[in-house]
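K.L.:
Residue 23 is where the sequence shown starts when you use this note's numbering, and the numbers rise one by one after that.
Please see the structure below; I have some questions.
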Amino acid sequence: MNGPSSPRPARPMSIKEITLAAEDFDFRTTIPFKYWARSADTLFQEATFALQDRDIRKAYQMLWRHSILVLTHLKTHPDAKLPENKALTKPLFDRQNKEVFGLLEELKPQIDRDYKEWQLMSASKQSEDDEFTTRPTSYNEFAARDPTLSGNAKILDAADNQELAVSLAQRDYKRRDAARRATRQAGVSAEEEQERRKGGRWEDWEQFSSPATAASEEEDIRRQIEATRRRLDGTDGGRDEDTFSTSQAPNYQGQVPPPRAPPSYSYNYPSISRPRALEWEASPLEPQRAYTPPPPQPPKPPKEDFTMMRQELDAAPPMRPSKEPLTSYRPPSTANTLQGGVPELPAKEEVMPPAAKERLAFKPAAYLENGDPIRPVFLPTQLRDTFLNIASDNTRRGLEMCGILCGRPVNNALFISCLLIPEQKCTPDTCETENESSMLDYCINEDLLVVGWIHTHPTQTCFMSSRDLHTQAGYQVMMPESIAIVCSPRHSPSYGIFRLTNPPGLPHILQCTASETFHQHSIDNLYTGAKNPPGHVYHSEKLDFYVKDLRPKRATWQYGRTMSRLNVMRSTAGRVSSELEAQTVVGHPTSDSREGELMAFPTNMLGILIALVSAFALVHSADSIPRLLKYEDKAKKAAEWSRTAEKQLWEIRYTVGTGFVGCLVSAIGGIAFSLVVPRGLGIFTVGFPIMLAAGLTYGHQYMRQFWASKPKVPMMKDFNEAISDSMMVQDMMNPLAGAWGLMTFCKLVGL
23 MNGPSSPRPA
33 RPMSIKEITL
43 AAEDFDFRTT
53 IPFKYWARSA
63 DTLFQEATFA
73 LQDRDIRKAY
83 QMLWRHSILV
93 LTHLKTHPDA
103 KLPENKALTK
113 PLFDRQNKEV
123 FGLLEELKPQ
133 IDRDYKEWQL
143 MSASKQSEDD
153 EFTTRPTSYN
163 EFAARDPTLS
173 GNAKILDAAD
183 NQELAVSLAQ
193 RDYKRRDAAR
203 RATRQAGVSA
213 EEEQERRKGG
223 RWEDWEQFSS
233 PATAASEEED
243 IRRQIEATRR
253 RLDGTDGGRD
263 EDTFSTSQAP
273 NYQGQVPPPR
283 APPSYSYNYP
293 SISRPRALEW
303 EASPLEPQRA
313 YTPPPPQPPK
323 PPKEDFTMMR
333 QELDAAPPMR
343 PSKEPLTSYR
353 PPSTANTLQG
363 GVPELPAKEE
373 VMPPAAKERL
383 AFKPAAYLEN
393 GDPIRPVFLP
403 TQLRDTFLNI
413 ASDNTRRGLE
423 MCGILCGRPV
433 NNALFISCLL
443 IPEQKCTPDT
453 CETENESSML
463 DYCINEDLLV
473 VGWIHTHPTQ
483 TCFMSSRDLH
493 TQAGYQVMMP
503 ESIAIVCSPR
513 HSPSYGIFRL
523 TNPPGLPHIL
533 QCTASETFHQ
543 HSIDNLYTGA
553 KNPPGHVYHS
563 EKLDFYVKDL
573 RPKRATWQYG
583 RTMSRLNVMR
593 STAGRVSSEL
603 EAQTVVGHPT
613 SDSREGELMA
623 FPTNMLGILI
633 ALVSAFALVH
643 SADSIPRLLK
653 YEDKAKKAAE
663 WSRTAEKQLW
673 EIRYTVGTGF
683 VGCLVSAIGG
693 IAFSLVVPRG
703 LGIFTVGFPI
713 MLAAGLTYGH
723 QYMRQFWASK
733 PKVPMMKDFN
743 EAISDSMMVQ
753 DMMNPLAGAW
763 GLMTFCKLVG
773 L
């Protein structure tokens, strides 16, 4: 996969071939219904992106597969009649009737026309085509299964052009976002905006940027291509391989294009600033630029021929000649023109108008075990650490956590740009997403595809459990590029990127009917690594991404973070070493985050009770203060103020203040512990309850001894009521101290 760029297949796929490929998937009811509903949304999103890129064959395939899934298969699922699944099915049927049928009818004539034009233009050269088809290559055989590569596209290798791929993706993101912002600022309704997005009608991307900006971006891309080309030329000597060559030169009225002069090294490549529609009438099939051959030159390798041809295409257009069939064309000898045994397909150049801008596409990064091509996937390098930081609380508690990898396709490659944290319930061995509809709605509204998932193994090694394999099957059944990332921060290796083998992995998992959460499988080699090399996933430090957390923002949400340490220890003790099927052990705890929240119930209720009692005591303590002030005023007027009397009043103030401050701190702490249950064994979690319990106990003893020596004064109602209030506060401080001691115990055992 790291060699020179491959030629693009010439023959466009027919409707029959596209529909047969679309129907070639295995629907199994062993996969939960929600995954099939998610697959339908993914298919429609794939079609949406293909339409925006003017890749009509890819769009038709995805829409046809969507139709087969929704209309034929979903209703046969045993869980289809469940209320929650009916809610997922209704919008799928509505979309099928209102949008999918219409798009299929609109695209079919265009695909038929392209195919018939190819048949017409290739009829005069059937003998030459037969000669080539007797020597097919593996690339042509595999690429013929991909409708994207059968279109008007220049094929590049993602492995050799990673920086270019990321740069194109970043620019595409900016253009899409600019189009959306401009549309919304123009007052377009959300419904119309969605229709434009689904129909690919974002108008002209350049209208959202100045011409100078568009030209600058185009020039930047050209420079990047040339820099990559020079780097590769310096590696291979610029003679045998050409990363950007197509091994297929445009036809110039039956003449073999002459080579350029040896000293000239100037590379001009087609503009790829944005996708263009691949629609034309009969007349554009005529060459729009006449060719005037220069004096004969010595023969050159195909790479130099291609560069000269691009220079000639960029020349000023002379008079248009009449359209003539290329009956006189004969392909050159394979010894001079074929690279790596890949045959030329001249019919492709006849169908493509020479003046039209080519659509850039990256060739498959790898192939499945059955030979199907899979697109390259670009993954931000920093995403793993970001996810581990988010999951750190669960990891400390021994609980798994998962995130969804979302992105967009650009030039036949997938770029992960969003780490989506869904609602989920977590246990020491599993994590299950919830509220699928909110996740799907967000992806649709933000033009995102679900490319895979990432999850932690806080207590196990880095491998795919039987539960993980079944989860991955739900992702991979409709998008073969889907990946599963496993993070095991406490073991080595701590990180792995996997996919199911196909075959035997995916078919075996789809046919597995075992009902146990964890179980053994009868075969090995169910999954394999997906990181390049030799897989299809590339890391990129320059690829931007963001995090979207869909978990509810209520104060008491915890995805199992209050799980008892005893449960985690019991789970670890009951778990065998995590080998290939380590989790087949029966009797694993099945407690989830809901149990964790129930276990947090004592802490929450205790905090609420403490807050209420403290507030009640605080009210009485506050009432005693103005009464004491009135007593002081009367005492000053009744007798000469002495140092002894002043000292006694200050002692009273200290005593009342002790109760007031103690109850105030207790009330604030109770509110905090009732709303947000602290985690771990930190100073606030355990130290605060201990110190507050000790302080309240000391305050209770001090106030009890002080008021025991201060009898009530006759005829001093305010003073006597203040003493009564303060003594009531004193009595409440003792049980408050006990409650905070109980709170300390709860935090020590992990409640």
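Even for Gly, the Cβ is constructed at its ideal location relative to N, Cα and C.
On a predicted model such as this, the values are computed, not experimentally measured, just so you know.
Okay, do the segment 537-551 and the segment 392-411 touch, 3+ Cβ pairs below 8 Å being the bar?
P.N.:
As far as the Cβ criterion goes, the segment 537-551 does not touch the segment 392-411, which means the pair count is below three.
K.L.:
How long is the line joining the alpha carbons of residue 711 and residue 70, rounded to whole angstroms?
P.N.:
Counting from 1 along the sequence shown, the entry for residue 711 is found at position 689. Counting from 1 along the sequence shown, the entry for residue 70 is found at position 48. Going from the Cα of residue 711 to the Cα of residue 70 covers about 57 Å.
K.L.:
What is the DSSP secondary structure of residue 541, reduced to helix, strand or coil?
P.N.:
As a working mapping, residue 541 is identified with position 519 in the sequence shown. The answer is coil: DSSP assigns residue 541 none of H, G, I, E or B.
K.L.:
Can you tell me whether residue 94 is buried or exposed? The criterion is at least 16 other CB atoms within 10 Å of its CB, across all chains shown.
P.N.:
Residue numbering aside, residue 94 sits at position 72 when the sequence shown is read from its first letter. With fewer than 16 Cβ atoms within 10 Å of its Cβ, residue 94 is classed as exposed.
K.L.:
Going by C-alpha to C-alpha distance, which of 549, 90, 422 and 677 sits closest to residue 452?
P.N.:
Indexing the sequence shown from 1 puts residue 452 at position 430. Out of 549, 90, 422 and 677, 422 has the C-alpha closest to the C-alpha of residue 452.
K.L.:
Going by Cα to Cα distance, which pick from 41, 34, 39 and 48 is closest to residue 533?
P.N.:
What you label residue 533 is simply residue 511 of the sequence shown in a count that begins at 1. With distances taken between Cα atoms, residue 533 lies closest to 48.
K.L.:
As an exercise, report each continuous alpha helix (DSSP H) stretch of at least 4 residues that is fully enclosed by the segment 75-145, in chain order.
P.N.:
Entirely contained in the segment 75-145, the alpha helix (DSSP H) runs reaching 4 residues are, in chain order, 78-90, 105-117 and 123-144.
K.L.:
Within the chosen definition, does the segment 388-408 reach the segment 550-566 through at least 3 CB pairs nearer than 8 Å?
P.N.:
In short, these stretches touch, since the Cβ pair count reaches three.
K.L.:
Taking its Cβ as the centre, do 16 or more other Cβ atoms sit within 10 Å of residue 535, making it buried, or is it exposed?
P.N.:
Looking up residue 535 in the sequence shown gives position 513. Result: exposed.
K.L.:
Between the segment 672-692 and the segment 640-647, can you find at least three pairs of beta-carbon atoms closer than 8 Å?
P.N.:
Judged by Cβ distances under 8 Å, the segment 640-647 makes contact with the segment 672-692, as three or more pairs qualify.
K.L.:
When the Cα of residue 713 is compared with those of 519, 180 and 762, which residue comes out closest?
P.N.:
Residue 713 sits at position 691 when you count from the first residue of the sequence shown. The candidate whose alpha carbon is nearest that of residue 713 is 762.
K.L.:
Please identify the residue among 694, 693, 680 and 695 whose C-alpha is closest to the C-alpha of residue 723.
P.N.:
Here residue 723 refers to the residue found at position 701 of the sequence shown. For the residues 694, 693, 680 and 695, the minimum Cα distance to residue 723 belongs to 680.
K.L.:
With a threshold of 8 Å on Cβ separation, who are the neighbours of residue 774 within its own chain once the five nearest residues in sequence on each side are excluded?
P.N.:
Residue 774 lies beyond the stretch modelled for the chain, which goes from 23 to 773, so this question has no answer here.
K.L.:
When the Cα atoms are used, what is the spatial distance from residue 757 to residue 480?
P.N.:
Reading the sequence shown from its first residue, position 735 is the one you call residue 757. Reading the sequence shown from its first residue, position 458 is the one you call residue 480. Between residue 757 and residue 480, the C-alpha separation is close to 40 Å.
K.L.:
Taking buried to mean at least 16 other C-beta atoms within 10 Å of its own C-beta, is residue 459 buried or exposed?
P.N.:
As a working mapping, residue 459 is identified with position 437 in the sequence shown. The residue in question, residue 459, is exposed, as its Cβ has fewer than 16 Cβ neighbours within 10 Å.
K.L.:
I'd like to know whether the C-beta atoms of residue 88 and residue 132 end up nearer to each other than 9 Å.
P.N.:
Counted from its first residue, the sequence shown places residue 88 at position 66. Counted from its first residue, the sequence shown places residue 132 at position 110. Result no, Cβ atoms of residue 88 and residue 132 do not sit closer than 9 Å.
K.L.:
Hey, would you say residue 797 sits closer than 9 Å to residue 748, going by beta carbons?
P.N.:
Lying outside 23 to 773, the shown extent of the chain, residue 797 is not represented and no answer is given.
K.L.:
Can you list, in chain order, the residues of its chain whose CB lies under 7 Å from that of residue 690, leaving out five sequence neighbours each side?
P.N.:
On the sequence shown, residue 690 is found 668 positions in, with the first residue counted as 1. Counting only Cβ-Cβ distances below 7 Å, and skipping sequence neighbours, we find nothing.
K.L.:
Quick check on this structure: which residue in 767, 495, 42 and 512 has the alpha carbon closest to the alpha carbon of residue 417?
P.N.:
Taking the first residue of the sequence shown as position 1, residue 417 is located at position 395. Closest option to residue 417, Cα to Cα, is 512.
K.L.:
At which residue ranges does the segment 382-431 contain complete beta strand (DSSP E) runs of 3 or more residues, listed in the order of the chain?
P.N.:
Entirely contained in the segment 382-431, the beta strand (DSSP E) runs reaching 3 residues are, in chain order, 399-402.
K.L.:
Residues in its own chain within less than 8 Å of residue 392 by CB, not counting five upstream and five downstream?
P.N.:
Reading the sequence shown from its first residue, position 370 is the one you call residue 392. Around residue 392: 524 and 525.
K.L.:
Between residue 100 and residue 51, is the Cβ-Cβ spacing less than 9 Å?
P.N.:
Here the question's residue 100 lines up with position 78 in the sequence shown. Here the question's residue 51 lines up with position 29 in the sequence shown. Contact: yes.
K.L.:
In the segment 178-204, which residue ranges form an unbroken beta strand (DSSP E) of at least 3 residues, counting only runs that do not cross its ends?
P.N.:
Correct list: empty.
K.L.:
Of all the options 189, 43 and 85, which has the alpha carbon lying nearest to the alpha carbon of residue 120?
P.N.:
Numbered from 1 along the sequence shown, position 98 holds the residue referred to as residue 120. The residue with the shortest Cα to Cα distance from residue 120 is 85.
K.L.:
Taking all protein chains shown into account, decide if residue 467 is buried (16 or more other Cβ within 10 angstroms of its Cβ) or exposed.
P.N.:
For this step, residue 467 is matched to residue 445 along the sequence shown. Per the 10 Å Cβ criterion, exposed.
K.L.:
Between residue 43 and residue 74, is the Cβ-Cβ spacing less than 9 Å?
P.N.:
For this step, residue 43 is matched to residue 21 along the sequence shown. For this step, residue 74 is matched to residue 52 along the sequence shown. Taking 9 Å as the Cβ cut-off, residue 43 and residue 74 do not qualify as a contacting pair.
K.L.:
Report buried or exposed for residue 695, applying the criterion of at least 16 other Cβ atoms within 10 angstroms of its Cβ.
P.N.:
Locating residue 695 in the sequence shown gives position 673, where the first residue counts as 1. Answer is buried; the Cβ neighbour count reaches 16.
K.L.:
So what's residue 45 in DSSP terms, helix, strand or just coil?
P.N.:
The sequence position of residue 45 within the sequence shown is 23, counting from 1. The answer is coil: DSSP assigns residue 45 none of H, G, I, E or B.
K.L.:
Distance check for residue 448 and residue 627, CA to CA, integer angstroms please.
P.N.:
Counted from its first residue, the sequence shown places residue 627 at position 605. Counted from its first residue, the sequence shown places residue 448 at position 426. Computed Cα separation, rounded: 23 Å.
K.L.:
Could you name the residues of the same chain whose beta carbon sits closer than 7 Å to that of residue 107, not counting the 5 residues immediately before and after it, in chain order?
P.N.:
Looking up residue 107 in the sequence shown gives position 85. So the qualifying residues of the chain are 55 and 101.
K.L.:
Output needed for residue 435: all residues of its chain with C-beta closer than 6 Å, excluding positions within five of it in sequence on either side, in chain order.
P.N.:
For this step, residue 435 is matched to residue 413 along the sequence shown. Closer than 6 Å at Cβ, skipping near neighbours: 180, 187, 384, 397 and 398.
K.L.:
Measure from the alpha carbon of residue 432 to the alpha carbon of each residue in 178, 692, 145 and 110, then state which is nearest.
P.N.:
Position 410 of the sequence shown, counted from the start, is the residue given in the question as residue 432. For residue 432, the nearest C-alpha among the options comes from 178.
K.L.:
Using C-beta distances below 8 Å, list every residue in its chain close to residue 65, excluding the 5 sequence neighbours before and after it, in chain order.
P.N.:
Against the sequence shown, residue 65 aligns to sequence position 43. 84, 85, 87, 88, 91 and 500.
K.L.:
Excluding sequence positions up to five away, which residues of its chain have a Cβ less than 8 Å from the Cβ of residue 675?
P.N.:
Taking the sequence shown and counting its residues from 1, one reaches residue 675 at position 653. Hits under 8 Å: 650.
K.L.:
Buried or exposed for residue 767, please, with buried defined as at least 16 other CB atoms from any protein chain shown within 10 angstroms of its CB.
P.N.:
Position 745 of the sequence shown, counted from the first residue, corresponds to residue 767. Exposed.
K.L.:
What are the partner residues of residue 454, as DSSP defines its beta bridges?
P.N.:
Start at 1 with the first residue of the sequence shown, and residue 454 comes out as number 432. Paired residue(s): 447.
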